[in-house]
Amino acid sequence: MYVYGSTLGFVCGAALETFLGFGFSFAILFACLAVLVAFFTDLGLWHVRGFLVSSVLFACGLGILSANVSSVIKNVHVLDAFAGKSVVAHGVVARDPDVRDQYTNIILEVNSFLQEQSDLLRTLPSSVRILVRVPPYPELRYGDEVTVEGKISIPKNFPADPGGRAFDYRAYLAKDGVHYEISYPRVSVVAHGKGNRVYETLFAGRDAFLAVITKIIPEPEASLAGGILLGAQQSLGTELLQKFRETGVAHIVVLSGYNIAIVATAISRLLSVLPLAWRLIGSALGIVLFAMMVGGGSTVVRATVMALIIILGRALGRTGDALRALCFAGVVMVALNPLILLSDVSFQLSFAATFAILAFAPVIEKYFLWVSPRFGMREIFVATVSAQIFVLPILLYHMGTMSLVGMIANFFVLPFIPLAMLMVFATSIVGMGSAFAAMPLVAISYVLLWYIISVVEFFAALPFASVEVSEFPLVAVFVSYIFFGVLIVKHARSSKQKNASSLRAKKSTYEF
């Protein structure tokens with residue numbers, strides 16, 4: 043109870059500071075209130091869970107303090123005075139470039155800055171980042187040292203799709219430390235290989251995989267293969283990607299926790315001959331290297347952490363420990379970057395989906411006993427349904443759309459994803475040596491990928507596959523999760539009572 047209460051307090055404190063900017067003094071105020079409540083409780087003057095209230099207040103103060111001192115927030119306005127002016131920025135490409143059909147987005151970590159028609163060179167903190175939009179050619183890579191010349195601007199927010207909320211694009215970029223953008227500047231490459239050597243090696247391996255996939259598997263199946271295995275879904279095209287969203291299965295092509303959990307499970311099974319501790323360590327190392335290979339961005343890192351927590355919970359067979367680990371991971375992520383709490387939908391969805399699989403899936407499992415447990419079908423279906431139900435309020439609040447065919451589409455698609463990932467991986471490995479030798483694997487991979495796309499297109503073509511919902515209020519989100527929380531608590535108490543009754547029955551039988 044103290045873990046969950048403290049987690050809630052910390053998150054609320056970080057949210058309040060991020061949204062309202064209370065400041066350092068309020069952190070001290072909450073800490074003092076926590077001490078007073080603990081003192082009165084110790085004297086017997088406070089009788090209603092005093093120490094729990096004290097821990098929540100203290101954690102809230104820590105959340106405010108964490109958000110207040112965050113470097114991510116501190117560098118928000120460092121270049122505001124130059125907005126709308128032509129500048130020369132020198133830095134290193136800090137992330138794997140985001141390649142689109144018509145352009146490429148790069149994150150430039152700036153180390154020096156010069157306003158055109160000025161001789162004053164400014165050295166900037168390494169955490170100052172600029173989103174630079176450039177043509178797809180010539181290609182830029184992670185670790186390239188470049189100089190860009192163009193007009194710097196502050197990102198502008200724009201409305202979301204009809205039925206959704208206005209999209210806070212500025213906050214979306216800020217969560218990654220990006221507060222400015224330059225569109226189509228003059229770019230000069232100064233040097234290569236200025237990034238982390240491990241990342242560069244892993245990126246080279248990933249690019250080799252994608253090159254083989256693109257060469258021997260036809261489109262659009264090749265793009266889907268790259269999406270489910272390595273998260274490279276950009277070449278799917280806008281129309282097909284929208285169909286994946288409408289049918290509620292877009293998570294398979296954006297390298298969500300589900301895909302990473304499959305990789306972690308595969309690694310764990312390969313190491314099944316080892317003791318549990320070594321198996322968990324090997325799985326963790328393997329999945330971390332995989333996450334680095336596919337880009338290691340904030341979304342991938344969070345999905346990796348969530349997937350590892352699920353694997354840990356299943357390996358130990360103790361949901362409570364996994365839930366506490368999830369809370370701890372969430373607190374650490376928010377402490378490192380408070381902006382993700384309110385501005386990063388992917389964090390909200392990842393956390394909610396993982397929490398649902400650990401805590402909400404047992405609540406609804408009794409309604410799906412009719413699903414066969416063979417090949418893990420029931421587990422997959424229950425996990426999918428629980429996650430989709432649990433994240434629905436967040437999706438309605440941010441997106442304003444709801445897929446009416448999502449659950450059934452996932453039921454037909456998800457059981458084939460592990461096999462498809464395995465066959466695509468095998469195809470890539472064999473294809474690196476000989477495209478001809480890989481032909482049997484290509485045929486199997488193609489059939490699986492074609493089936494997945496066909497299912498998505500079939501359900502997307504149905505009338506009312508997805509519907510738009512008028513603005514979903516924040517109050518409704520809170521009410522929804524209070525309702526879910528009540529169901530989870532009731533189920534936990536019921537399970538505890540059943541276990542206690544079972545133990546008493548066994549004890550009575552033994553004494554008899």
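Residues in the sequence shown are numbered from 43 upward in steps of one, following our numbering.
Using N, Cα and C, we set each Cβ at its ideal position, and we do this for glycine too.
Around G235, the same chain offers G185 as residues with beta carbons nearer than 6 Å, after the five sequence neighbours per side are excluded. Burial is judged here by how many other beta carbons sit within 10 angstroms of a residue's own beta carbon; F432 has at least 16 and is buried.
When the Cα atoms are used, W320 and L150 turn out to be separated by approximately 39 Å. In this structure, C54 sits near G105, with a CB-CB distance shorter than 8 Å. L381 counts as buried, since at least 16 other C-beta atoms from the protein chains shown sit within 10 angstroms of its C-beta. Here L491 is not near E281, since their CB atoms are 8 Å or more apart. DSSP, read as helix, strand or coil, puts V220 in strand.
Assigned with DSSP and collapsed to three states, V531 falls in helix.
Minimum Cα-Cα distance from R248 among the listed residues R535, M474 and A503 corresponds to M474. When the five nearest sequence neighbours on each side are left out, the beta carbons in the same chain lying within less than 8 Å of the beta carbon of D210 are those of N199 and S385, in order along the chain. Of L182, V291, Y226 and Q284, the smallest CA-CA separation from E242 is found for L182. Judged by pairs of C-beta atoms under 8 Å, the segment 250-264 does not touch the segment 450-463, as fewer than three such pairs exist. Relative to S128, the option among S97, N147, S225 and M465 whose CA is nearest is S225. Burial check for C74: the Cβ neighbour count within 10 Å stays below 16, so the residue is exposed. Inter-residue distance for I309 and G328 is about 7 Å (C-alpha atoms, whole angstroms).
The way I'd put it, the segment 467-482 doesn't touch the segment 435-442; fewer than three beta-carbon pairs between them come closer than 8 Å. Residue environment: E288 is assigned as buried (16 or more neighbouring CB atoms within 10 Å of its CB, all protein chains considered). According to DSSP, H132 shares a beta bridge with S154 and T189. Here F423 has F410, V413 and F453 as same chain residues with Cβ atoms under 7 Å from its own Cβ, once five neighbours each way along the sequence are excluded.
Of the candidates L350, L272, S445 and N147, L350 places its Cα closest to the Cα of S392.
Looking at the DSSP output, S195 shares a beta bridge with E223.
Collapsing the DSSP output to three states places S414 in coil. In the three-state DSSP reduction, L173 falls in the strand class (E or B). Bridge pairing for A333: absent [DSSP].
From the listed residues S314, A367, G126 and G372, the smallest Cα separation to G192 is found for G126.
In the structure shown, the three-state DSSP call for E510 is strand. For M481, the enclosing alpha helix (DSSP H) begins and ends at M481 to A502. Classified as exposed, M481 has fewer than 16 neighbouring CB atoms from the shown chains inside 10 Å of its CB. In the three-state DSSP reduction, V231 falls in the strand class (E or B). With a 10 Å radius around the Cβ and a threshold of 16 neighbouring Cβ atoms, S154 comes out exposed.
In the structure shown, the three-state DSSP call for F209 is strand.
In this structure, the CA atom of P515 is about 22 Å from the CA atom of G290. In this structure, A398 is the residue among A267, A398 and H293 with its C-alpha nearest to the C-alpha of I530. Residue range T443 to S445 is occupied by the beta strand (DSSP E) that includes M444. Here V528 is exposed. Its C-beta has fewer than 16 other C-beta atoms within 10 Å. Within the segment 418-468, the complete alpha helix (DSSP H) segments of 4 residues or longer fall at 419-440 and 448-455, listed in chain order.
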